[in-house]
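Positions in the sequence shown are counted from 1; adding 38 to them yields this note's numbering. Every residue gets a Cβ at the ideal spot worked out from N, C-alpha and C, and that includes glycine. Model, not experiment: these values are computed from the prediction. Single-structure report; data block below.
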Amino acid sequence: MNPQYIAIYLTVLLVTSSQAGDTTAKAERRQILDARNRLIDIVTAGFYEVVGFEFEESEKLCRKIIDENKYVNAPSEISKNKKLLLKDCTQHAMELLSLATAGQAGNSHHALFVKYGLKEVVHAVNRQRRRLVDDSVRRIDEFVNSLTPKQQRKAIARNLARWSAQMKRATKVTRKMFVFRSFLRFYYFEGGI
39 MNPQYIAIYL TVLLVTSSQA GDTTAKAERR QILDARNRLI DIVTAGFYEV
89 VGFEFEESEK LCRKIIDENK YVNAPSEISK NKKLLLKDCT QHAMELLSLA
139 TAGQAGNSHH ALFVKYGLKE VVHAVNRQRR RLVDDSVRRI DEFVNSLTPK
189 QQRKAIARNL ARWSAQMKRA TKVTRKMFVF RSFLRFYYFE GGI
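Structural data, given as structure tokens:
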């Protein structure tokens with residue numbers, strides 16, 4: 039056989055095998071990124087459930103207060119604008135809830151909200167938030183541990199492991215949620231790997 043043909047054949051073989059290796063590596067990376075994105079979507083769905091819970095609990099609290107005409111002084115104002123009043127009260131309750139879970143006092147309505155169950159709502163919300171972070175950490179750890187040792191050394195896995203470790207180190211719910219929100223911001227707004 040002609041040596042030129044052998045050289046051409048070997049060159050073609052080498053090029054196609056190296057491109058196949060690149061394609062395989064790219065496909066593997068794409069597969070890992072897709073799985074990571076599904077993980078982030080699941081974690082985010084859990085976050086939205088907690089936010090929905092916070093809203094529902096705030097609205098229940100406000101309904102109790104409004105039903106007893108305690109949020110405003112004039113009963114006629116309540117009957118005219120009950121939907122608007124509920125919206126305003128719920129927004130106010132959500133703000134108080136954020137302050138209370140951060141260990142800060144609210145404004146003049148704070149005592150009224152406490153009287154009608156703000157502390158119980160704060161405890162329930164904190165349980166939900168803690169469960170959210172714990173479930174997210176578990177999911178992240180399971181994802182990272184399901185990767186091969188080689189894949190675990192890649193930036194995708196290292197970043198997830200770093201976020202998981204930060205959430206585990208946080209002891210207070212407010213700190214856990216701060217790290218959790220930073221985690222979501224990193225992946226959704228900062229284009230994190």
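Report task. Would you mind sorting residue 95 into buried or exposed? The rule is 16 or more other CB atoms within 10 Å of its CB. Result -> buried
Query raised in the report: Terminal residues of the continuous alpha helix (DSSP H) containing residue 193?
Result: 193–207
Report task. In the DSSP assignment, find the unbroken alpha helix (DSSP H) run with residue 225 in it and report its ends. Result -> 211–226
Query raised in the report: Which runs of the alpha helix (DSSP H), 4 residues or longer, sit entirely within the region 68–134?
Result: Here the runs fully enclosed are 113–118.
Report task. Whole angstroms is fine: what's the gap from residue 131's alpha carbon to residue 163's? Result -> 12 angstroms
Report task. Using the Cα positions of residue 112 and residue 160, report the straight-line distance between them to the nearest angstrom. Result -> With a pLDDT of only 48 at residue 112, under the threshold of 50, the placement of this residue in the model should not be trusted; the figure read from the coordinates follows. Between the alpha carbons of residue 112 and residue 160 lies a gap of roughly 29 angstroms.
Query - Nearest neighbour of residue 212, chosen from 64, 167, 134, 92 [CA to CA] - result: With distances taken between Cα atoms, residue 212 lies closest to 167.
Query raised in the report: What's the C-alpha gap between residue 169 and residue 92?
Result: Cα-Cα distance, rounded: 14 angstroms.
Query raised in the report: Do the region 75–87 and the region 216–231 make contact, defined as three or more Cβ pairs closer than 8 angstroms?
Result: yes
Query - Simplified DSSP assignment, three categories, for residue 147 - result: coil
Requested in this report: Enumerate in chain order the residues of its own chain whose CB-to-CB distance from residue 49 is below 6 angstroms, with the five nearest sequence positions on each side excluded.
Outcome: With a pLDDT of only 49 at residue 49, under the threshold of 50, the placement of this residue in the model should not be trusted, and no figure is reported.
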